[in-house]
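Reading through the structure tokens given below for one structure.
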Amino acid sequence: MFSFAGRRAKIAIRRMQKNKNPFIFSRGKTPAQKWMVRRKKREKWFRRCGLASILISLMFLGGLILSVIGNGYTAFTRVQILLPVEFSADIIDPEGTRTVAALSGADYRKLIRNSLAKLFPEAETRREQMDLHALISKGAYYKIRRMVMEDPSLIGQSHDLWLPAASNVDLFIKRHSMSSDAGLGNYKINAMQYAWLKQLIEGKRLRKVFNTTFFTSGDSQEPEQAGILSSITGSLLTILVCIFCAFPMGVATALYLEEFARENWFTDLIEININNLAAVPSIIYGLLGLSVYINIMGMPRSSALVGGLVLALLVLPVIVIATRNALRAVPPSIRYAALAMGATPVQVAVHHTFIYALPGIMTGFILSIARALGETSPLLMIGMVAFVTDVPRSLVDPSTTLPVQIYLWTNNPETGFVENTAAAIMVLLVVLVCINVLAGWVRRRFEIKW
Amino acid sequence: MKKSDFLIKSFLLISTVASILVTVLIILSVFSETMRFFSFVSPLEFFFGTQWSPQTAIRPDQAGSSGAFGAVPIFTGTVLITFVAMLVATPLGLLSAIYLSIYASPAFRNGFKPILEILAGVPTVIYGYFAVVAFSPLLRMLGETLDIPIASESALSAGIVMGIMITPFIMSLSEDVMSAVPKSLVYGSLAMGATPSETVWRVIVPAALPGIMGAVLLGISRGIGETMIVVMAAGLNANLTANPLEAVTTATVQIVTLLVGDHEFDSPKTLAAFALGFSLFFMTLLLNMAAQFIVKRYRERYV
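Line order of the protein sequences matches chains A and B. Its first residue numbered 1, the first sequence is counted upward by one per residue in the numbering used here. Its first residue numbered 1001, the second sequence is counted upward by one per residue in the numbering used here.
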């Protein structure tokens, strides 16, 4: 027998009298409803986890970009100091021979020291004079030497010259407000130097200009004299070699595999091989370059030639895979049509399939350049970590590339280089973004939808 | 066959053969140097020794510095950093992929997926810079406030930054395999009243598990072979520990430190780098083959 009993029964009867569902006994939810609530809650939390993981990745990207910009935004300006330089013949060329050797070996630092002493005669002790000289970059005399070498008639005259400030002064002026002298120690500037800098500012002998040095000179020991021209040239040369080797070979391999090769163990082997090559750590290619190109073939170490050849091996599988995908997307009807018109298989492949696949191939090709441009580790293996001050003039000159330069500068303990590193990273990132935008544009503009 | 056709075809064939030659060259060159290394140092010492100090004597008559080549601490260091990286990358990549493919509105997806893919295109040297300049100091500061001593070149910071680098890779690979799960399974589950998260955990993930495993294996292989982040942010001294707060070194770091600078080719110090490189090549090769095998089997199941 079925009988109602107890409190639940009373509730059920009351609910029946009110024409409501009698089986909802308690004031709360049924077990099924509770389960549903739990499921929905779990659903919501899972959804939040997914969103959170995306946000974490974005946060890292944001942190990365912010730290680069925060460290590097000041690198694009440099502080210069106006000095009245007297090109005194007694110092530059006391014998009056005016030979190249005499002019290039002269003590131009002394000219700077003299003009500083003239501006600030109050620096008397040796210590104070050293502090005074430390305001100007150690490499500032290059500029004077170059001027004199180009035009020896300057000797004997006197000119006002804008000379680069030392790295710590440069950072101090750019990052620190001149109104207070708190935190001078962070920039290794003492109270006396601070007073001199104030005087220079009041006398309008100090200015901030766009940092052309950074784009027009090579590496240097002094952060304020260091630039990325040599490493950019090195990158360009390396990439050129890489393109010239990898592109024809990669496209030819893909064409052969996709259009001519029969299905057999050999093609299977190549297939596996190429897929694996694409996932081999890049440093292994560096080892290969070191032992084959440099040790066995005797190519010059640290050269753009070897770097380009190593990068060519690295991007070869990438180009092959991209090209094969592009070729596969061309519908067979194109091939049949060409064959029906009497074209030979080679003509079909080269004149038709290849042409139709070209936009896809180009996209893959541009992206592989971006990959090669950012690659660092294999280049370390073949000695492209050299300290390169001169712009490489040929493929066999010692050279370095932009990412390697970034690596070298990061390792440099001097604070001025942190700024340079971040600026070089900005340049590299801008170039990479441009390359990717170009690839996207090529894809959208030229790709054929079948 | 026309003569020009023959020429073009032979050019294509030669290129193909040349591209295979690359693999053969890698194996031969690195292998022969490794063999030369093993003529100096026994493989037993290399694979099972726990002392690593490759600094050999500069002059032959110098005493007591013949160098020790036990690579165990290097391999454990590599594994430790990669483990930390995968601990970050697997959940982040998988959850991001699930969110993007199931929950996100098309506008969100189109807006944020390319941004996340930027992370995959950033050169690793920039991650290294980020680790050195921003992340490691931040982690250290955090450790100091919590009273936990964290080495400035800890495995944790290198591993986390590496994990962030691998995340987009895992994300796009696992998104691919999850979208390959037949729609009928997904719609069937949803029609039975399962919530989206239940569908994900009980239908999509089990079905796509081999593919996800493949993605994780490829991620591990990337982590093992990654160089710049660890060269810049991990330690140089071999340290046999499982504590991620200490500094450890990896195979790639050792290869770089052994080979950068001037060196002659017959010292065991230089050749040790090739032995490490060969082990690295072998490990990543195994991982890649396994991943490809798993993914291929998985594709066959649903096609």
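From the three backbone atoms N, C-alpha and C, an ideal C-beta is built for every residue, glycine too.
Going by the beta-carbon positions, is the gap between residue i and residue j smaller than 8 Å?
| i | j | result |
| --- | --- | --- |
| Thr77/A | Lys188/A | no |
| Thr363/A | Val315/A | no |
| Asp107/A | Met192/A | no |
| Ala386/A | Trp409/A | no |
| Thr238/A | Gly289/A | no |
| Phe214/A | Ile232/A | no |
| Ala278/A | Ser1221/B | no |
| Ala1131/B | Leu1218/B | no |
| Ala337/A | Ile361/A | no |
| Ser1154/B | Leu1087/B | no |
| Val79/A | Ala165/A | yes |
Give the straight-line distance between the Cα atoms of residue i and residue j, rounded to the nearest whole angstrom.
| i | j | result |
| --- | --- | --- |
| Pro378/A | Ala1233/B | 18 Å |
| Asn1110/B | Ile1102/B | 13 Å |
| Ser394/A | Lys449/A | 43 Å |
| Ile243/A | Ala312/A | 7 Å |
| Ile1020/B | Ile270/A | 7 Å |
| Leu1156/B | Ile1081/B | 7 Å |
| Thr353/A | Ala1018/B | 23 Å |
| Arg109/A | Tyr141/A | 6 Å |
| Val391/A | Thr401/A | 11 Å |
| Asp181/A | Leu200/A | 16 Å |
| Thr74/A | Thr212/A | 13 Å |
| Val1122/B | Gly374/A | 8 Å |
| Ala52/A | Ser1096/B | 8 Å |
| Ile1224/B | Gly1143/B | 26 Å |
| Met299/A | Ala1242/B | 42 Å |
| Ser104/A | Asp219/A | 21 Å |
| Leu1271/B | Arg1036/B | 7 Å |
| Tyr194/A | Leu111/A | 23 Å |
| Ala1057/B | Ala304/A | Reliability of the predicted coordinates at Ala1057/B is poor, the pLDDT of 49 falling under 50, and the value obtained from them is presented with this limitation in mind. Going from the Cα of Ala1057/B to the Cα of Ala304/A covers about 33 Å. |
| Phe1278/B | Ala1238/B | 19 Å |
Within 10 angstroms of the Cβ of residue i, are there 16 or more other Cβ atoms? Answer buried if so, exposed if not.
| i | result |
| --- | --- |
| Lys143/A | buried |
| Met1178/B | buried |
| Gln157/A | exposed |
| Glu224/A | buried |
| Asp397/A | buried |
| Met59/A | exposed |
| Arg328/A | exposed |
| Arg1299/B | exposed |
| Leu163/A | buried |
| Arg14/A | exposed |
| Met16/A | exposed |
| Pro1182/B | exposed |
| Asp1147/B | exposed |
| Tyr1187/B | exposed |
For the alpha helix (DSSP H) holding residue i, just list the boundary residues, first then last.
| i | result |
| --- | --- |
| Pro1137/B | Ser1136 to Thr1145 |
| Arg15/A | Gly6 to Gln17 |
| Phe1075/B | Val1072 to Ile1098 |
| Ser119/A | Residue 119/A is actually Leu in this sequence, not Ser. Tyr108 to Leu119 is the extent of the alpha helix (DSSP H) around Leu119/A. |
| Glu224/A | No alpha helix (DSSP H) holds Glu224/A; DSSP gives it neither H nor E. |
Got a sec, what are the start and stop residues for the beta strand (DSSP E) residue i sits in?
| i | result |
| --- | --- |
| Thr77/A | Thr77 to Glu86 |
| Ile1184/B | In the sequence as displayed, the identity of residue 1184/B is Ser instead of Ile. Careful: Ser1184/B lies outside any beta strand (DSSP E), inside the alpha helix (DSSP H) at Lys1183 to Ala1191. |
| Arg324/A | Per DSSP, Arg324/A belongs to no beta strand (DSSP E); it is in the alpha helix (DSSP H), Ala304 to Arg328. |
| Lys204/A | Element bounds for Lys204/A: n/a, residue is neither H nor E. |
| Trp162/A | Ser158 to Pro164 |
Does residue i come within less than 8 Å of chain C when only Cβ atoms are used?
| i | result |
| --- | --- |
| Lys1296/B | The structure shown contains no chain C; its protein chains are A and B. |
Using a cut-off of 7 Å between C-beta atoms, extract the partners of residue i located in chain B.
| i | result |
| --- | --- |
| Thr344/A | Lys1002 and Asp1005 |
| Cys49/A | Leu1095 |
| Phe46/A | Ser1197 |
| Pro403/A | Pro1123 and Val1125 |
| Met249/A | Ser1015, Ala1018 and Ser1019 |
Residues of chain B with CB closer than 8 Å to the CB of residue i, please, in chain order.
| i | result |
| --- | --- |
| Asn436/A | Gly1121 |
| Val330/A | Within chain B, no residue comes near Val330/A; the closest Cβ sits about 17 Å away, beyond 8 Å. |
Counting only Cβ pairs nearer than 9 Å, list the residues of chain B close to residue i.
| i | result |
| --- | --- |
| Arg42/A | Thr1195, Ser1197 and Glu1198 |
| Gly374/A | Gly1121, Val1122, Pro1123, Thr1124, Val1125 and Ile1126 |
| Gly72/A | Here the premise fails: no neighbours, minimum Cβ distance about 10 Å. |
| Pro281/A | Ser1221, Arg1222, Ile1224, Gly1225, Glu1226, Thr1227, Thr1252, Gly1277, Leu1280, Phe1281 and Thr1284 |
Using a Cβ cut-off of 8 Å, pull out every chain A residue sitting near residue i, in sequence order please.
| i | result |
| --- | --- |
| Gln1254/B | The premise fails here: Gln1254/B is roughly 11 Å from chain A at the closest Cβ pair, so nothing lies under 8 Å. |
Determine the chain A residues that contact residue i at a beta-carbon separation under 7 Å, and present them in chain order.
| i | result |
| --- | --- |
| Glu1033/B | Ser291 |
| Tyr1129/B | Ile406, Thr410, Thr421 and Ile425 |
What does residue i reach in chain A if we use C-beta pairs closer than 9 Å?
| i | result |
| --- | --- |
| Met1141/B | Within 9 Å Cβ-Cβ: nothing; Met1141/B doesn't reach chain A, min ~14 Å. |
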